[in-house]
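Offset between the sequence shown (1-based) and the working numbering: plus 1005.
Glycine is no exception: its CB is placed at the ideal position from the N, C-alpha and C atoms.
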Amino acid sequence: MSFHSMNKLLVLIVLLQSLSFVAQVSIKGIAVNPGSRFQIGMKTDYISNEEVILEETISDSLGRFNFSVDLKNIEKLFIKNGNLIGYLYAQPKGKYYIEFSNSGFSKFGSENEVELVFIQLDTLDINYKILTFEHWLDQSLNILYPLKEKNSGEFLNQVKKFRSAVNDIYKAENNLFFLDYVKYTLGMNIEELQDFASPSEIDKFNFYLEDIPIKWRNDKFFGFVSNFYDKYFYQQSLEKRQEFMHLIEIGNVKPLLNILEHDDLIGSAQLAEVMCIYMLSDLYFDRVIPRNTILNFLYNFSKLEIDSEITSVAQRLFNKLNVLDAGDKLPLYTLKNTELTQLGGKPIYIQFFNPSNKKCIAELAAMKKLYKNYGAYIHFLTIYEEQSSYSKLENTYLDQITWNKASAEANHPIWKDLDVSGFPYYVYVLPNQIIANINTLSPSPNGKYETIEKTLFEYKRLIAGEE
């Protein structure tokens, strides 16, 4: 065999070896809305929670849609349709037949979570195992909760029996992902349920986290970690908090990681790295430390030369948090049909709109009323995603917008810069182009019966001198 032929053979062997670790997953679904866009994706990690879309498709005239994705390991996937989202776990070579509901049963940020109905689910599939366990857990918790108040001794006895039954049922289980799912789900539910008889923090750490590798693709592991270290910064002594803040302010990452690693409830470099990112995220949203200080520290963290997934997580969290905020100047974006430079001299009330979103459609009437009453004093601007085509019904809703409207491609920076994570979404900008509020009040009342109208009325009164 010639050197050239041998080289080609080696390349083929390497290619086949790499493909052997990847297996295709088939997902076939049906929904009530034909001709609608469906997306399937996953989270890159469970700290930054950045989402990546793997594939998208349009349902046919009967509402059917299909996906084929390649997976190396069991992954938690999501399927989106407008502001509806459903979750499933998928294992390599899995074949899934699902029904996608058109009504959400719980609020997930700006999206309504729906329950996916599986059809002919294999009893060996990860979803069958998880759904069976979750049903058993729900039934057990329904029995344990009332017992906790009535008879604490019997309550503790039943908790022990339940734990023993779980161990017996799954002692022959060899799916490590599922075993971790069970372990950390119990850690978030049963341990916290016990209150006075709950294991100590050090006991929980020893069982759930000590000498355990970071389980990057298991969402329940990160759910437990997040709960276990909840508000970690505020549980430290004043002296230690001041030391943390000093190191964050000067952007010195390694000394902070070293302090965390030597905490008795952390104990490893890998867990210290994860904990540090969680703590920074908490401090960012609690506004304890200036935003730019946190961003600078995250940037330094992302540049560490360590062999770990965590630097990528730090970079993704940096990208996620590095968005515009109240007090920042609105960039002069170029949008199709509208130039922001043309909207000077007045406040701007920006609506991010999806013509297939029921809440967006429902708020059109309220937007029309606001525009009629305040359009002479306030610039109204509706921004929607540019697509190759919209349905006849969707175009009907877009045509109802008689004020300034503009489309922006899905990769336009305005979506990320203004942190538009769902629809409808509103931003209020002052006459000097300074952002007053991100994710501000909508035209419709919130839970406190607040709307944006008071803000618009006060500005009109200031300009027009009305009482």
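Cβ-based neighbour list, residue i, same chain, cut-off 6 angstroms, excluding 5 preceding and 5 following
i     : result
E1104 : I1035 and V1122
N1232 : M1193
S1221 : In the sequence as displayed, the identity of residue 1221 is Trp instead of Ser. The residues are E1314.
E1254 : T1298
I1124 : Y1102
L1340 : A1411 and A1413
G1476 : In the structure as shown, the chain begins at 1006 and stops at 1472. Residue 1476 is therefore absent and cannot be evaluated.
Simplified DSSP state of residue i, which is helix, strand or coil
i     : result
D1143 : helix
P1322 : The displayed chain sequence assigns Leu, not Pro, to residue 1322. Three-state result, L1322: helix.
I1468 : helix
I1032 : strand
A1367 : helix
Y1523 : This structure leaves residue 1523 out entirely; the chain is present only between 1006 and 1472.
Y1102 : strand
N1117 : strand
Q1096 : coil
G1046 : strand
E1215 : coil
K1188 : helix
L1461 : helix
K1374 : helix
D1075 : strand
N1086 : strand
E1178 : coil
I1195 : helix
I1383 : coil
C-beta atoms of residue i and residue j nearer than 9 angstroms
i     : j     : result
I1052 : Y1283 : yes
F1323 : S1307 : yes
N1078 : F1182 : yes
Y1101 : I1058 : no
K1374 : P1450 : no
F1138 : Y1094 : no
L1265 : A1277 : yes
F1167 : L1149 : yes
D1075 : V1027 : yes
E1391 : A1415 : yes
N1342 : P1429 : no
G1452 : N1088 : no
I1473 : Y1433 : With the chain covering 1006 to 1472 only, the question about residue 1473 has no answer from this structure.
P1097 : L1067 : no
L1300 : N1327 : yes
L1142 : L1191 : yes
Own chain partners of residue i with C-beta closer than 8 angstroms, once the 5 adjacent residues on each side are dropped
i     : result
L1152 : E1159, F1160 and Q1163
F1249 : F1238, Q1241, L1261, I1264 and M1284
Same chain, Cβ closer than 7 angstroms to residue i, neighbours up to 5 away in sequence not counted
i     : result
Q1320 : S1307
L1126 : N1132 and Y1133
E1475 : Outside the shown range of the chain (1006 to 1472) lies residue 1475, about which nothing can therefore be said.
Y1234 : M1280 and Y1283
D1287 : K1236 and F1238
E1455 : L1446
T1062 : F1043, F1070, N1071 and F1072
Segment contact flag, the stretch 1332-1349 with the stretch 1284-1298, C-beta cutoff 8 angstroms, min 3 pairs: Taking a cut-off of 8 angstroms on C-beta distances, the stretch 1332-1349 does not touch the stretch 1284-1298, as fewer than three cross pairs fall below it.
Run through the stretch 1219-1304 for me and flag every whole beta strand (DSSP E) of 3 or more residues, listed as ranges in chain order. The qualifying runs do not exist here; there are none.
Are there three or more Cβ pairs, one per stretch, closer than 8 angstroms when the stretch 1080-1093 is compared with the stretch 1035-1051? Taking 8 angstroms as the limit for Cβ pairs, the verdict is that the stretch 1035-1051 does touch the stretch 1080-1093.
Do three or more CB pairs link the stretch 1372-1387 to the stretch 1399-1414 at distances below 8 angstroms? As far as the Cβ criterion goes, the stretch 1372-1387 touches the stretch 1399-1414, which means the pair count is three or higher.
At 4 residues or longer, and completely inside the stretch 1121-1171: list those alpha helix (DSSP H) runs for me, N to C. Runs of the alpha helix (DSSP H) inside the stretch 1121-1171: 1131-1155.
In chain order, which continuous runs of the alpha helix (DSSP H) of length 4 or greater are located wholly inside the stretch 1389-1456? Along the stretch 1389-1456, the alpha helix (DSSP H) occurs as fully enclosed runs of 4 or more residues at 1397-1404 and 1418-1422, listed in sequence order.
Contact the stretch 1352-1362 vs the stretch 1431-1447: 3+ CB pairs below 8 angstroms: Between the stretch 1352-1362 and the stretch 1431-1447 there are three or more inter-stretch CB-CB distances shorter than 8 angstroms, so the stretches are counted as touching.
Could I get the ranges of all uninterrupted alpha helix (DSSP H) runs contained in the stretch 1307-1359, with 4 residues as the minimum, in chain order? 1315-1326, all fully within the stretch 1307-1359.
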